[in-house]
Structure formats: C-alpha cells, structure tokens
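Participant:
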Amino acid sequence: MSDYLVIVESPAKAKTIERYLGKKYKVKASMGHVRDLPKSQMGVDPDNQYKPKYITIRGKGDVLKDLKSAAKKAKKVFLAADPDREGEAIAWHLAYALNVDEDSKCRVVFNEITKDAIKESFKNPRSIDHDLVDAQQARRILDRLVGYNISPLLWKKVKKGLSAGRVQSVAVKMIIDREKEIQNFKPEEYWSIEADFHKDSESFEGSFYGVDGKKQKLKSEADVKAVTEKLDGKKFSVDKVNKRERKRNPAKPFTTSSLQQEAARKLNFRAKKTMMVAQQLYEGIDLGKKAGGITGLITYMRTDSTRISDTAKQEAKNYIEETYGKNFLGFSKKSKQQEGAQDAHEAVRPTSVSRDPKSLKPILSRDQFRLYKLIWERFLASQMAPAVMDTMTVHLFNNGVEFRATGSKVKFKGFMKVYVEGTDDKKKDDNKFLPDLTEGMVVEAKEITPNQHFTQPPPRYTEARLVRTMEEQGIGRPSTYAPTLDTVQRRGYVQLDNKRFVPTELGEIVIDILKEFFPQIIDLDFTVKMEEDLDAVEEGKAKWIDVLDEFYVDFRKRLEKAEEEMEKVEIRDEPAGIDCEQCGHEMVYKMGRYGKFMACSNFPECRNTKPILKKIGVTCPRCKKGDIVERKSKKNRKFYGCDQYPECEFVSWDKPISRPCPKCGSLMVEKKTKKESRVQCTNCDYQESETN
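For the sequence shown, position 393 matches number 393 in the UniProt record's numbering, and the numbering has no gaps at all.
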C-alpha cells in the first residue's frame, strides 16, 4: 500500500511524476475534470446566488470510483493539477468528491515536470486557493448564463445548432468589422521615385525624399513630373553621410500568445495544434533510460508572463559562454510584464537549455522537434547580447531635389546567431550594403524610375494577427485563445480563406442579432472589463457573486425583451445553378463543418450532396478527358484531383499547371515554400525557380 496518493490530470504526467517521487507515492490521473455543470440544462440558479449544480461527468464514474478507492488506502492525498485557474478548480472538485479537507495542505503546484521542480513542490504544499476557484467558477457560470439563454433563442429564430459564446462573439465581431473596413476602403493614389545610383563599379538604390530640404509626398503623376523636370541631368552630389551604430535587442521568451503567433508564422501551425504539441512537450517525452526516461521538456505553456527563474538564467548564461563566448552574453535585467499579466509562473522555456534540439531530434516527432526548437532558440536568444548594426544614411542632391539611400550591415550578430523573431509584414533586410561614400562626392543615377502605388486596405486576420489583437485588447486569457478560434470555425461563423479569416453570412446574422438585443456581449470594452473583474476575483479584491450580479441584472431584462421582440430570420439557401442528378430538384449551397457544399433542395426526401469543385484550367494528365479541380481533405488541407473521380483516381498535393515540361512533356506542378516558389516536372529533373 502506498503512503501517499497524488492526482494529476493526464496519464503521461502521472508516469513521469511517479518515477520522480519514489515508491511511497502512487500517482493517478483524473483525466481532466471529474465534475461539471450538466449539459442538458442550465445548471445554475440565478435566484439563489447563482448556485451551480455540479454532477459527475458522463464516462468519469469508473475513474472517480478508482480514485476514491485509492484515496481510502492512502495516508494523505495530494492534488497536483495544472498551476492555473482551471487546475485549481479541478483540484477543488476532486477534494469534494474524495472528501479531502480543502483547507489542509493538499495542493501542490509546479511550473515544470522535472525531478527538482517536483520534489521542491512537495516540500511546500498549500491549501486550495479559493480565490482562484471562484474566478474560474465565475467565468464558467457567466459563460453558461450567456450560452444557455441566448442559444435557444437563436435556435428558434435563426437555425438549430447555433450558439453565442461571450469571448467567441467578440472575436467574430472583430473579424466582421475588419471585413467591413476592407469593403469600405477607398484606395488613394501615391507615387514614388526610385533611382539606381552608380559609384565606380558599385551600385546602390535611393528614393526621392523632397525638394529644397523639405519632405514632399507625391500624390499624382503631375507631382512626379514636376520633380523630374527640376532635375538637371543625372549627376547627384553627396551632401551628407550619417553613420551610426544601432543595437537590436532580442525578443522576450514566449508567452502563450507569442508562442501561438510565432508557431503560425514560422511553422504554419494552427493555434490548436501549437497547444496540443506544447502539452506533449510539457507532460514529458521518453528520452530513454540513460537520459532519465520520461522527462518534461518545457515549462507550463499557459502563461502571460515573460519572467525567467534565476536558475534558468544561470544555466543559459553558462551554455552561451561555453558555446559562443563571453561577448555573446546578455545583460541581466528584470523583464517588464505586460499590464494585466498574472505572473503566476514563468515564460514558456525549455526545462534545461543543455537539452539542445539537435540532440533530441531522433527522439521527437517532426512537430515536437520543430516546436521545441522554436521554444529553445527563443529562450536562449532572449538571454544573449543585442545585435549591433552599422547603419548609414546618404543624402544626395541634384538642383535642390533630394534623394536618400539607406543601408545597414550586421557588425555583431549577438542573439541573431541563434534566432530572429518573425513578423507578419514584409521582412526587413538587415544587410543592405552601401558603398563607401563621402560628403562632396558625385555619383550618377543610371536609371530614375517613377512608380505608381495605391494605399492598401487593412489585411484580414490570420490566426497569429487575431491572437495578437485579442491579447493587446485584453480579450480572453492564455488558455482561451486556441479554443475560441476553433469554436468560431466549427460553428460556421467564420472560415479560413488562404489562411485568413472571412466571416460567413451566418456569422453576420448572429452578430447583427446580438448587436440589436445584447450589445454588451459583443462590446469590446465590456468584455475587457469582465476579464479585469475576473482577475480581481482571483486576487481576492472582488466577490464572484457581485461580478455576476452586475452583469445578470441588465442581461435578464434584455433577454425578456428579445423573447418578445426578436423576429424569425429566414436563411435562404443560395441556388447552385444545377439540378440534382438523382431526383431533378434544384441543388443549393449549404454550409457544413468543412465549408460550403452542394445539397439537394428536396432534403430530407433526397440526401444527395456534392462538393463544390473549383476548376484550375488543367486537363487531367491520366485520363486526358477530366478537368483538374481543387478539393479539400477531411483535415481541410487543399489538394487537386480529377473531376471524373472515382473513374479516374489522379490526385496531387501540389497544384498542376497547364504547361507541359519542355524537357520531357510530362505534368509540371507548383512547389511553394516560405522562401521560394518553383515549378518542377513530376517526371524528370527540370525545374524553374522563382523567389517569393
């Protein structure tokens, strides 16, 4: 019989922790929550201080029975769920179910699953933090009050299966508002003038700046003409050369939000996938007996803190000095937290910087390796010295017309030797050289080229941009970003087009209804204040019942008004322009889990459905009679196949092109990576490369 029982959420975590603690400890998994509000009813009594009705989650009966049996045999029970609100609530529910005294020292928390961290946490157990539990309970009840009151209204008035979540609705509104900005955007014309300067055998580029020492915007072709007519030949004198040294500091280590953003930019990971793989790295990977068996490779991945422990800093310092030299060491300074950050635990970092990605590559899956490498490099770079850049700005004049040329080169790589943060915008070139120019020197412009431009609308949200905006605005918390983005897509309120969010008609209808009857639900300021109120509950500065009261009094009145005044919305199916080949009725477009598809309007009598096929203008190379069409897999990945399927089974992940290979006459396809786009033959070694 074991002296102590430890309960965690997952079996993977249980195995690792049991090995660290030794024979006196038995570690079991609760598989997440064991109690929750019932799915079939509200489960909250607003007239009795929002008393929740918790029940054992369906399917968890055997798990709970096993835990109760183990708890009776143990001298003491430790509850070791994750170190956040959700984890505290799981521990609280377990304490209730297993008759564990909540005020006893039964709760242990750790930020990383390593031997030292686990043993240290068991030296300092604490009682359950009721403020944390109350904050989680308030969020859960608040979301239940919104969802279970508004959703039935939407079922009656719009369509069955709809829902209206609090944070999800704000995210959908943000996407719709951005789409309206794009639609209402009026492009404005502007011009630039570029010059190709030559000094001896070297060339460099410069851009028009202004006239007679004043910066000037070029709004039309007439403005350009006025400038070019003022030029006296193509000789320019170098009037001023500014040289300076600039330091570029490394990015801070990852928070949940910045990890999701960077994984989207560099690894093309969806937020949901990032968190799933990060969970695997946190809970532990089997490194083999010699390397310590199952080991947690990263710290807890749900955090809004960029703080790093002194131990981790010292380990990184030693590694940098040994690997790169003393001059690559960063200076230690306290990381300034983002306003509102809870700082409950550390940034996302490797549990040991000595476990470099290269040494783990044979052990990790491809996705695990890529994400671990990203986290490891970001953390190590954050502890390194700034990069030093030599920058140069040259002012060139011709009859009062000023052009400027800028250049920079990396003088000392510093942290850039390991890692450079990605951006959503066009990458800046940090190595744009200028020749050695001095004041009074004369150079010649070989070519002077005017270029017409038009201002561009704001871009649609990618997952990375939306997560960043939600974080900046204070909407949601680290644990909510990934599930929010997943939910709004599954509900059919938005869809991804070329990795960017586009609202659907259904999403616009739901948001319009919420705007009319429940404006506070989609109000950004209200949502931010609610997050702040929940944080105040967590910090013991506010009572959870008061927070719910402040919301529900007005919400109940609006609910009664909506019940009486909301009109039924009819969503008409859009005709597809073809008839059903099975019964002859018209085919219509429907919205499904994986996007739009065609279905027979005679449903349910006729259940014929067809995917929407987008032709790409290429004849099938296999059957020679079908057209190649764009399709989507069950995982929503784009691929190409013959429209004569199943008679013809031609399929390709790469987009075929209409030109045959000039070398052998076979099919050619487009191959795209982040760095380049190339056309290559599927049969021989012919290829055409083109940098993006």
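Note that beta-carbon positions come from the ideal geometry of N, C-alpha and C, so glycine has one too. Quick caveat, the model's predicted, so the values are computed rather than measured.
1) Assign HIS93 to buried or exposed, taking buried as 16 or more other Cβ atoms, counted over all protein chains shown, within 10 Å of its Cβ.
2) Measure the CB-CB distance between GLN49 and ALA89 and report whether it falls below 8 Å.
3) Using the rule of at least 16 other Cβ atoms within 10 Å of the residue's Cβ for burial, across every protein chain shown, is CYS583 buried or exposed?
4) Pick from TYR300, VAL133, ARG659 and ASP223: whose alpha carbon is nearest that of ARG349?
5) So what's TYR25 in DSSP terms, helix, strand or just coil?
6) Once you ignore the five residues that flank ARG370 on each side, which residues in its own chain have a CB closer than 6 Å to its CB?
7) Based on the DSSP output, what are the partners of VAL443 in its beta bridges?
8) From the beta carbon of LEU548, is the nearest beta carbon of chain B less than 8 Å away?
9) Inspect the beta-carbon positions of ILE193 and VAL224 and report whether they are closer than 8 Å.
10) Can you check the UniProt domain "Toprim" (3-113) for any alpha helix (DSSP H) of at least 4 residues that lies completely inside it and give the ranges in chain order?
11) Would you report the Cα separation of ASP286 and PRO125, rounded to the nearest angstrom?
12) My assumption, with CB atoms under 8 Å, is that GLN452 sits in contact with TRP191. Please give the rounded CB distance.
13) Report the rounded CA-to-CA distance for ASP82 versus THR303, giving the unit in angstroms.
14) My assumption, with CB atoms under 8 Å, is that GLU245 sits in contact with VAL418. Please give the rounded CB distance.
15) Within the region 455-516, note down every full alpha helix (DSSP H) run reaching 4 residues or more, in order along the chain.
16) State buried or exposed for PRO362, treating a residue as buried only when at least 16 other CB atoms are found within 10 Å of its CB.
17) Need the endpoints of the beta strand (DSSP E) that TYR190 sits in, please.
18) For GLN456, is the classification buried or exposed, using 16 other Cβ atoms within 10 angstroms of its Cβ as the cut-off for buried?
19) Report the residue ranges of all alpha helix (DSSP H) runs contained in full by the region 541-584; include only those spanning at least 4 residues, in chain order.
20) Taking C-beta to C-beta, are ILE616 and VAL172 nearer than 8 Å?
21) Identify the residues that DSSP records as bridge partners of LEU287: which are they?
22) Below 8 Å between beta carbons: does that hold for GLY330 and GLN261?
23) Is the region 506-524 touching the region 464-471 in the sense that three or more CB pairs, one from each, lie closer than 8 Å?
24) Closer than 6 Å by C-beta to LYS199: which residues in its own chain qualify, once you throw out the five before and the five after it? Chain order, please.
25) Can you tell me which of the three DSSP states LYS672 falls into?
26) Less than 6 Å between C-beta atoms, sequence neighbours within five positions excluded: which residues of the same chain meet that for GLY407?
27) Which term fits ALA291, buried or exposed, when burial requires 16 or more other beta carbons within 10 angstroms of its beta carbon?
28) In whole angstroms, what is the alpha-carbon distance linking THR423 and ARG265?
29) Give, in chain order, every unbroken run of the alpha helix (DSSP H) that is at least 4 residues long and sits entirely within the region 245-321.
30) How many angstroms separate the CA atom of ASP473 from the CA atom of LEU437?
31) Suppose the cutoff is 8 Å on Cβ atoms and the five residues either side in sequence are ignored; what does the same chain contact list for GLU202 look like?
32) Would VAL651 and MET668 qualify as a contact pair, given that the criterion is a beta-carbon distance under 8 Å?
33) Please classify ASP390: does DSSP put it in a helix, a strand, or coil?
34) Can you give the Cα-Cα distance for ASP143 and ALA562, rounded to whole angstroms?
35) Rounded to whole angstroms, what is the Cα-Cα separation between LYS53 and GLU322?
36) Out of LEU145, VAL227, LYS289 and GLY414, point me to the one whose CA is closest to GLU41's CA.
Facilitator: From the atom records:
1) Of the other Cβ atoms in all chains shown, 16 or more fall within 10 Å of the Cβ of HIS93; this residue is therefore buried.
2) Taking 8 Å as the cut-off, the Cβ atoms of GLN49 and ALA89 do not count as close.
3) Classification for CYS583: exposed.
4) Per the Cα distances, TYR300.
5) Look at TYR25 here: in three-state DSSP terms it is strand.
6) Answer for ARG370: LEU267, listed in chain order.
7) As computed with DSSP, VAL443 is found in a beta bridge with PHE236.
8) Absent here is chain B; the protein component of the structure consists of one chain.
9) Yes, Cβ-Cβ distance for ILE193 and VAL224 is below 8 Å.
10) Listed in chain order, the complete alpha helix (DSSP H) runs (minimum 4 residues) inside the UniProt domain "Toprim" (3-113) are 11-21, 61-73 and 85-97.
11) Straight-line spacing of the CA atoms in ASP286 and PRO125 works out to 27 Å.
12) About 6 Å separates the beta carbon of GLN452 from that of TRP191, a gap short enough to meet the 8 Å contact definition.
13) Computed Cα separation, rounded: 11 Å.
14) A Cβ-Cβ separation of about 21 Å leaves GLU245 out of contact with VAL418 under the 8 Å criterion.
15) You should have 463-473 and 481-490.
16) The residue in question, PRO362, is exposed, as its Cβ has fewer than 16 Cβ neighbours within 10 Å.
17) Counting along the chain, TYR190 sits inside the beta strand (DSSP E) bounded by residues 189-199.
18) With fewer than 16 other Cβ atoms within 10 Å, it is exposed.
19) The region 541-584 contains, as complete alpha helix (DSSP H) runs of 4+ residues, the segments 544-565 (chain order).
20) The Cβ atoms of ILE616 and VAL172 do not sit closer than 8 Å to each other.
21) According to DSSP, LEU287 bridges with nothing at all.
22) For GLY330 and GLN261, no; Cβs fall outside 8 Å.
23) As far as the Cβ criterion goes, the region 464-471 does not touch the region 506-524, which means the pair count is below three.
24) Take LYS199, set aside five residues on each side of it, and the residues of its chain with a beta-carbon closer than 6 Å to its own are PRO435 and VAL443, in chain order.
25) Reduced to three states, the DSSP call for LYS672 is strand.
26) Here the set comprises MET392, LYS432, PHE433 and LEU434.
27) When all chains shown are included, ALA291 counts as exposed.
28) Counting only the Cα atoms, ARG265 lies some 7 Å from THR423.
29) Complete alpha helix (DSSP H) runs here, min 4: 256-267 and 271-283.
30) The amino acid at residue 473 is misidentified as Asp; the sequence shows Gln. Here the alpha carbon of GLN473 sits roughly 46 Å from the alpha carbon of LEU437.
31) Close CB contacts of GLU202 within its chain, under the 8 Å cut and outside five residues either way in sequence, are with PRO435 (chain order).
32) No, these two residues do not count as a Cβ contact at 8 Å.
33) The answer is strand: DSSP assigns ASP390 an E or B state.
34) In this structure, the straight-line span from the alpha carbon of ASP143 to that of ALA562 is close to 18 Å.
35) Answer to the nearest angstrom: the Cα atoms are 58 Å apart.
36) Reading the sequence as shown, one finds Gln at residue 41 and not Glu. Nearest of LEU145, VAL227, LYS289 and GLY414 to GLN41, Cα basis: LEU145.
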